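Okay, so the sequence shown: first residue is 8 according to this note's numbering, each after it adds one. For every residue, glycine included, the Cβ atom is placed at its ideal position computed from N, Cα and C. These figures come from a predicted structure and were not determined experimentally.
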Amino acid sequence: YVFRYSWLIRTGLKIVKRHDIKLIHANAGGTAQWTIPLARTAKVPMLVHLHVLDPRFRRYKLGLHQAPLTVGVSKAVVRPLIEDGVPEDRTRVIYNGLNPLRLEGGDAHGLRASLGIKPTAVVVTAVAALIHLKGLYLAMRARTCTMRVFSAAKSSFISAADETANSGALRTSAQRRAE
8 YVFRYSWLIR TGLKIVKRHD IKLIHANAGG TAQWTIPLAR TAKVPMLVHL
58 HVLDPRFRRY KLGLHQAPLT VGVSKAVVRP LIEDGVPEDR TRVIYNGLNP
108 LRLEGGDAHG LRASLGIKPT AVVVTAVAAL IHLKGLYLAM RARTCTMRVF
158 SAAKSSFISA ADETANSGAL RTSAQRRAE
């Protein structure tokens, strides 16, 4: 494991140098365990972007307290770090989600018409990365289960996954799980 860990940092240093990286963004706690030492060694600023509430042992194991800046998707995500002793000025909250009041202001009739969707039809949309952790297959399964009740409803599942063989396998797997 030590070899793999040091390989990550060495490879990361090469990437930072080759591409003249000016900021490192770790979008999960798990990558922080090697990106924090990488950023320090490369003398590049970084932030850790947390989406979930990690238990204390995991926060320490991943070295999250060493992050120069931690951004959480809610106060509940960063509060435990502050309670552990991380200075509050090294944390920020950027809420993750939609503001339904902003969505009510638009007129979707033109969009619905262009897509052939009736003005009264129920529209269900899920937007997520097509990875197992996100559980998009659960939304697909829920839609399959509700088709009898809302037969006129339209569904769209939008993913930002790579168009690679792996994402195709994930897509097939998600569709299979939904059935």
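Worksheet entry | Extent of the continuous beta strand (DSSP E) to which ARG99 belongs | Start and end: 98-100.
Worksheet entry | the segment 69-88 touching the segment 41-56, judged by at least three CB pairs closer than 8 Å | Inter-segment contact for the segment 69-88 and the segment 41-56 is present: three or more beta-carbon pairs are separated by less than 8 Å.
Discussion item. Nearest by alpha-carbon distance to PRO44: which of ILE28, TYR12, ASN34 and LEU108 is it?
Written reply: If we check each option's Cα against that of PRO44, TYR12 comes out closest.
Practice prompt. Would you check if the segment 57-69 and the segment 79-87 touch, i.e. whether three or more CB-CB distances between them fall below 8 Å?
Written response: They touch, by the three-pair rule.
Worksheet item: So ALA133 and ALA146 are in contact, right, with Cβ under 8 Å, and what is the actual spacing, rounded?
Response: In this structure ALA133 touches ALA146 by the C-beta definition: roughly 4 Å separates them, less than 8 Å.
Item to complete: Grab me the residues of ASP61's own chain with a C-beta within less than 8 Å of its C-beta, minus the 5 sequence neighbours each way, in chain order.
Response: Cβ neighbours of ASP61 beyond the five flanking positions: GLY36, LEU69, LEU71 and PRO87.
Item to complete: Could you spell out where the alpha helix (DSSP H) holding ALA46 opens and where it closes?
Response: Boundaries of the alpha helix (DSSP H) around ALA46: 36-49.
Worksheet item: In terms of residue numbering, what span does the beta strand (DSSP E) encompassing ILE28 cover?
Response: No beta strand (DSSP E) holds ILE28; DSSP gives it neither H nor E.
Practice prompt. Pull up the DSSP beta-bridge partners for LEU57, would you.
Written response: Bridge partners of LEU57: GLY79.
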